[in-house]
Amino acid sequence: MASDTWFTCQSHLGQPEDYFLPWHRLYVAQFEQIIATITNHPEFTLPYWDYTSPASYAIPEAFQAKNKDDPTFSPLFVANRNVAGGQLRAANVNDGEPLNKNFPGVRNFLVLPDMTGGDYSVFCGQLDSALHGNVHVYTGDASNMGNVPTAAGDPIFWLHHCNIDRIWMAWNEQGHKNPTQTNGRNWSDTKFVYVSGTGKRVELAIDQISNSAKLPYRYDELPKKTLVAESSRGQDRLLLRSVRPGTAPGNRAGVVSGPIALGQTAQTVKLEPAEPQNRLINIAPRFEIRGGRRLVLVLNGVQASADPRTTYEVYLDLPAGASPAAADDHYVGLLNFFGASSDQGHSMHGGKTVEFEVSAVVQKLRGRLQEETSVTLVPVGQPAADAAPAIAGGIELHDR
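Counting from 24, one number per residue, gives the positions in the sequence shown under the numbering used here.
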């Protein structure tokens with residue numbers, strides 16, 4: 024049974040991103056049933072950690088160092104959570120500092136994904152790679168929450184994933200629908216092995232928990248980030264893509280850049296129009312966020328040979344020598360490598376796709392965009408020497 028369940032966690036390198044949310048919903052539910060059985064409290068339910076609320080940016084008090092000797096709460100304390108500083112520019116988690124202490128303003132990574140778009144795959148992928156991954160790496164080190172095989176060893180893991188499940192339910196409550204199949208395979212035929220509440224091997228299909236309205240539990244409060252709900256993704260149009268240096272303007276079709284190596288210094292990547300009329304400087308003045316339309320920056324094949332133990336700040340059209348204040352307008356998001364390194368028990372299989380919604384950034388930069396569009400990735404700290412972080416499949420900008 025152990026071999027059947029080990030490394031089935033979804034979604035990591037090469038696995039369908041759509042499975043991330045339902046796999047974890049089932050995983051948390053089985054764990055909850057195990058506790059209920061062992062404690063003989065069938066009414067037991069796991070709590071959630073609402074870290075997108077400013078009042079809860081720090082881990083809950085019961086998990087902090089102040090309670091490490093408390094007879095009731097001491098099992099919730101683990102010593103290998105992040106300490107202040109380091110290559111992640113982390114907070115002192117066990118002292119109750121906010122996870123985002125060193126990432127104020129637009130750099131705050133404890134924010135909800137776009138809850139208004141109706142495409143499940145986009146929502147799931149953005150929730151996984153951004154908020155979900157950042158909470159992992161900024162809570163614990165490579166022997167703790169920052170590493171896939173060890174993450175669930177920290178009790179805070181379960182509160183984290185209850186909140187991820189809560190955010191998914193909130194997205195559904197806005198009228199958005201989950202798929203019934205992925206890549207032609209029905210969710211009713213997509214099964215994973217878990218350990219049941221009675222300690223038995225159980226094989227469960229992800230479709231049995233995909234309807235949030237029929238679940239045997241509800242949350243006391245759901246997060247809200249509502250504009251105008253859209254039912255589906257519009258036409259996906261490739262606008263810009265990174266290309267090999269020196270590629271002639273008339274010979275760009277299908278020619279994306281090779282792996283973009285990320286290292287100890289900032290890396291700036293030029294994006295060329297997929298079609299001559301697709302220059303961002305010409306599109307931006309006419310672009311409006313309406314009818315579900317979005318501009319999305321896509322990083323294809325995010326991967327590393329080993330955990331980099333740092334993250335990268337991503338900027339659009341960042342001018343050389345820009346001051347920190349000026350750089351704020353160009354800030355896109357924070358790139359983490361949770362579940363994207365081969366030392367976390369997964370082979371590469373092309374890496375992960377990471378997306379950032381950049382519509383608001385483009386609107387903010389109207390009149391200040393450069394003739395040549397660029398993306399700059401700035402390391403928060405020094406990556407581990409053997410990590411070799413990279414964006415293997417290049418970078419693209421899409422209009423959806």
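For every residue, glycine included, the Cβ atom is placed at its ideal position computed from N, Cα and C.
All of these numbers come straight from a predicted model, not from anything done at the bench.
Residue nearest to residue i in terms of C-alpha spacing, selected from the options
| i | options | result |
| --- | --- | --- |
| N157 | I414, N186 and G169 | G169 |
| A102 | T162, T139 and Q38 | T162 |
| T221 | R112, I61 and A411 | I61 |
| R260 | Q300, Q87, K223 and R189 | Q300 |
| F132 | K247, Q287 and Y335 | Y335 |
| E380 | P98, F361, L357 and G390 | L357 |
| A329 | P77, G315, F361 and R389 | F361 |
| V321 | A415, F67 and L99 | A415 |
| V325 | L400, W72, R316 and K223 | L400 |
| S219 | Q56, D422, G286 and A78 | Q56 |
| D409 | V355, G374, P347 and A327 | A327 |
| G109 | T333, S346 and E378 | T333 |
Anticipated Cβ contact below 8 Å, residue i with residue j, distance rounded
| i | j | result |
| --- | --- | --- |
| A407 | P331 | 6 Å |
| K293 | E395 | 6 Å |
| F96 | A85 | 5 Å |
| D351 | V129 | 5 Å |
| L122 | P136 | 17 Å between Cβ atoms; not a contact. |
| I232 | L49 | 6 Å |
| V160 | T75 | Actually they are not in contact, since the Cβ atoms of V160 and T75 sit about 17 Å apart, beyond 8 Å. |
| A413 | I283 | 6 Å |
| Q53 | Y217 | 4 Å |
| N323 | G404 | The pair is not a contact, with the Cβ atoms about 24 Å apart (cut-off 8 Å). |
Residue i - DSSP class collapsed to helix/strand/coil
| i | result |
| --- | --- |
| P296 | strand |
| T291 | strand |
| F180 | helix |
| T396 | strand |
| V321 | strand |
| P172 | helix |
| D92 | coil |
| V251 | Only weak support is given to the placement of V251: the predicted model assigns it a pLDDT of 41, under 50, and the value that follows is read from those uncertain coordinates. Three-state result, V251: coil. |
| F30 | coil |
| G128 | helix |
| Y50 | helix |
| E223 | The amino acid at residue 223 is misidentified as Glu; the sequence shows Lys. K223: coil per DSSP, three-state reduction. |
| G163 | strand |
| E419 | strand |
| I414 | strand |
| Q386 | helix |
Chain-order list of residues whose beta-carbon lies under 8 Å from that of residue i (same chain, five-residue window excluded)
| i | result |
| --- | --- |
| I304 | L392, Q393, E394 and T396 |
| A236 | N195 |
| L388 | A307, L339, D340, D352 and H353 |
Sequence-distant residues of its chain with Cβ nearer than 6 Å to residue i (five each side left out)
| i | result |
| --- | --- |
| S34 | E40, Y42 and F43 |
| A349 | none |
| D151 | F43 |
| I87 | Note that residue 87 is Gln in the sequence shown, not Ile. Counting only Cβ-Cβ distances below 6 Å, and skipping sequence neighbours, we find N117 and G119. |
| Q290 | L400 |
Chain D within 8 Å of residue i, Cβ atoms only
| i | result |
| --- | --- |
| A408 | Note that chain D does not occur in the displayed structure, where there is just one protein chain. |
Own chain residues within Cβ distance below 7 Å of residue i, not counting five before or after
| i | result |
| --- | --- |
| P70 | L182 and C185 |
| A78 | none |
(message) When you compare the region 171-179 with the region 141-157, are there three or more beta-carbon pairs, one atom per stretch, that lie closer than 8 Å?
(response) no
(message) Under 8 Å, with one C-beta from each stretch per pair, do the region 202-215 and the region 227-234 reach the 3-pair mark?
(response) yes
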